[in-house]
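In structure tokens form, the structure reads like this:
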């Protein structure tokens, strides 16, 4: 099997690869946003420890 | 039975509460989740690799849909997850309401953005599959519309919780909304049977004329592997979100203060 044939997906390349790209984006988004939430909570907690209150509460 | 049975029953209940008290305590669960996450992440990677290989290289093109059938390996697991995560969210919300279990309330909150993202993926890949197969990106039929409503239920849950400052009240209001929204799940599931729709009926439970499953094993294997991969992925990011949620909700406790000491 050659690669250009594989990428063409029998004429459905845009739809097939679009779907797999959307899935990749959703998976990456979930990991990045979960990590971001942890970071922002930790930042709030450090403010709480320093100033006795969280920054955006 | 009688007296002895009653005592045994109480002993069992006590053991259950001791178990819950230990494992469902936010402090214990924070550490437990932290130890579990790397293993779940590794398992997700293995399953995704296997599922992608099966789906893109091993599975043959469909005799009707050609190569576009490969969209199924993303679309169907994403749609299953959109409903499964909602049931976990609503179930956790109910447990939080009934037993006042903090960890369950946090689970419901942590589920919402993940479920919304899977619903979004099901809608987008459905659209990308619908265009070449049906000739349209979107139709207002029962399956598509009820799945869109599910997306708005997730967004509504998140908006409601964000709008209420008091954590306990936010958890209760969210759980009630989630429980009312459960009615949408059987509507999504049965929509392809109850109404005329463009959407094809379920492939997995369908049986063909000779009594064999209507979906060929070469398509079924990647479908199931991807479904398991998505489920383990969900568990991974759920635990990551839960850990952040625990730190937030327990921010005034000594153990959290000690943990994040600057």
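Residue numbers (this note's numbering), protein chains in the order written: chain A, 1 to 57; chain B, 1001 to 1262.
All residues carry an ideal CB built from backbone N, CA and C; glycine is no exception.
Only a predicted model underlies this, so the values are computations on that prediction, with no experimental measurement involved.
Segment limits, alpha helix (DSSP H) that includes residue i
i               : result
residue 1186(B) : 1184-1194
residue 1079(B) : 1072-1099
residue 1106(B) : 1102-1134
residue 1037(B) : 1026-1053
For residue i, three-class secondary structure by DSSP
i               : result
residue 1166(B) : coil
residue 52(A)   : coil
residue 1141(B) : coil
residue 2(A)    : coil
residue 1261(B) : coil
residue 1250(B) : coil
residue 20(A)   : helix
residue 1231(B) : helix
residue 1201(B) : coil
residue 1154(B) : helix
residue 12(A)   : coil
residue 1291(B) : Given a span of 1001 to 1262 for chain B in the structure shown, any question on residue 1291(B) remains unanswerable.
residue 1216(B) : coil
residue 1001(B) : The pLDDT assigned to residue 1001(B) is 48, lower than 50, so where the model puts this residue is not dependable, and the model offers no usable value.
Proximity below 8 Å, CB of residue i to CB of residue j
i               : j               : result
residue 51(A)   : residue 1068(B) : no
residue 1113(B) : residue 1158(B) : yes
residue 1096(B) : residue 1108(B) : yes
residue 1075(B) : residue 1143(B) : no
residue 1240(B) : residue 5(A)    : no
residue 1243(B) : residue 1115(B) : no
residue 1188(B) : residue 15(A)   : no
residue 1167(B) : residue 1251(B) : no
residue 1119(B) : residue 1151(B) : yes
Residues that DSSP places opposite residue i in a beta bridge
i               : result
residue 1062(B) : 1066(B)
Residue-level contact to chain D via CB, residue i, 8 Å cutoff
i             : result
residue 12(A) : Among the chains of the structure shown, chain D does not appear; the protein chains present are A and B.
Quick one: any contact between the stretch 1214-1222 of chain B and the stretch 1046-1064 of chain B, if contact means 3 or more CB pairs under 8 Å?
-> Flag = yes, the stretch 1214-1222 of chain B and the stretch 1046-1064 of chain B touch.
Can at least three beta-carbon pairs, one atom from the stretch 1178-1188 of chain B and one from the stretch 1115-1128 of chain B, be found at a separation below 8 Å?
-> Segment contact: the stretch 1178-1188 of chain B against the stretch 1115-1128 of chain B, fewer than three CB-CB distances shorter than 8 Å; contact not assigned.
Meets three-Cβ-pair contact criterion under 8 Å: the stretch 1006-1018 of chain B and the stretch 1185-1196 of chain B = Verdict: no, contact absent.
At least 3 beta-carbon pairs within less than 8 Å: the stretch 1020-1029 of chain B vs the stretch 1226-1235 of chain B | Because the criterion of three Cβ pairs below 8 Å is not met, the stretch 1020-1029 of chain B and the stretch 1226-1235 of chain B do not touch.
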